[in-house]
Amino acid sequence: GAVVSQHPSWVICKSGTSVKIECRSLDFQATTMFWYRQFPKQSLMLMATSNEGSKATYEQGVEKDKFLINHASLTLSTLTVTSAHPEDSSFYICSARYRVDYEQYFGPGTRLTVT
Amino acid sequence: KQEVTQIPAALSVPEGENLVLNCSFTDSAIYNLQWFRQDPGKGLTSLLLIQSSQREQTSGRLNASLDKSSGRSTLYIAASQPGDSATYLCAVNYNAGNMLTFGGGTRLMVKP
Numbered sequence: 001g002a003v004v005s006q007h008p009s010w011v012i013c014k015s016g017t018s019v020k021i022e023c024r025s026l027d028f029q030a031t032t033m034f035w036y037r038q039f040p041k042q043s044l045m046l047m048a049t050s051n052e053g054s055k056a057t058y059e060q061g062v063e064k065d066k067f068l069i070n071h072a073s074l075t076l077s078t079l080t081v082t083s084a085h086p087e088d089s090s091f092y093i094c095s096a097r098y099r100v101d102y103e104q105y106f107g108p109g110t111r112l113t114v115t
Numbered sequence: 116k117q118e119v120t121q122i123p124a125a126l127s128v129p130e131g132e133n134l135v136l137n138c139s140f141t142d143s144a145i146y147n148l149q150w151f152r153q154d155p156g157k158g159l160t161s162l163l164l165i166q167s168s169q170r171e172q173t174s175g176r177l178n179a180s181l182d183k184s185s186g187r188s189t190l191y192i193a194a195s196q197p198g199d200s201a202t203y204l205c206a207v208n209y210n211a212g213n214m215l216t217f218g219g220g221t222r223l224m225v226k227p
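These protein sequences, in sequence, are chains R and W.
Under our numbering, the first sequence has 86 at position 86, and the numbering climbs by one with no breaks.
Under our numbering, the second sequence has 172 at position 57, and the numbering climbs by one with no breaks.
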């Protein structure tokens, strides 16, 4: 149980285009999903927290108009990188939890490369 | 600002050795602490979760300890194997809201 998937697992896009990444909880309802970014040989940095049916809460320094997060259902959250630039190239990982006092379960990550 | 530090950043050991990875955190008022494993280009696999009321957790060859008063946790790996090669991350949850603060990770290489 407690499986989180991400799609796509990797994507290459051209500078200026937008890319959507999906995060799904496959066998539980996730009231909260988290989005992290990880640069090579660095740790995970929390970008934003999204609760189902409400606006995401972004961490300081993360542009909400550039990284659009939607959590429309209890099993799906999406992260859209708008007008992507090469510096947005990174590994994006989502996690999901059932309830506030429950453990987070992590997805396998999405490798984004912007050329 | 809550900070989580992992030492060493990288470690290379021969197969069969017992080893200890360290994690320190600046604020001792934690809710729980978690150790993860990350293989290159992959997501995170949860290894052990220690609640603030616990002092250690064990799973197979892994043992994690927690000392809140000193702001430290250790991950002990017994009889290391090449398959243990990965990056190990510790993450601290400072409140029941489960906002994880990650350390920088320790990249472990176990040589056959």
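Built from N, CA and C at the ideal position, the CB exists for glycine as well.
Keep in mind that this is a model prediction, so the values were computed, not measured.
* Name the DSSP bridge partner or partners of residue 226(W)? -> Paired residues: 129(W).
* Asked: Going by Cα to Cα distance, which pick from 115(R), 50(R), 60(R), 65(R) is closest to residue 97(R)?
  -> Per the C-alpha coordinates, the member of 115(R), 50(R), 60(R), 65(R) positioned closest to residue 97(R) is 50(R).
* In terms of residue numbering, what span does the beta strand (DSSP E) encompassing residue 191(W) cover? -> For residue 191(W), the enclosing beta strand (DSSP E) stretches over residues 187-192.
* Report the three-state DSSP secondary structure of residue 182(W) (helix, strand or coil). => Three-state result, residue 182(W): strand.
* For the beta strand (DSSP E) that residue 92(R) lies in, which residues bound it at each end? -> First-last of the beta strand (DSSP E) with residue 92(R): 90-97.
* **Chain-ordered neighbours of residue 93(R) on chain W, where CB pairs are closer than 8 angstroms** => Those within 8 angstroms of residue 93(R) in chain W are 158, 159.
* From what residue to what residue does the beta strand (DSSP E) around residue 44(R) run? -> That run of the beta strand (DSSP E) goes 44-51.
* Figure out for me which residue from 128(W), 140(W), 180(W) has the closest Cα to the Cα of residue 198(W). => Among 128(W), 140(W), 180(W), the Cα nearest to that of residue 198(W) is on 128(W).
* To do: Report the rounded CA-to-CA distance for residue 164(R) versus residue 115(R), giving the unit in angstroms.
  => Outside the displayed span of chain R (1 to 115) sits residue 164(R), for which this structure offers no information.
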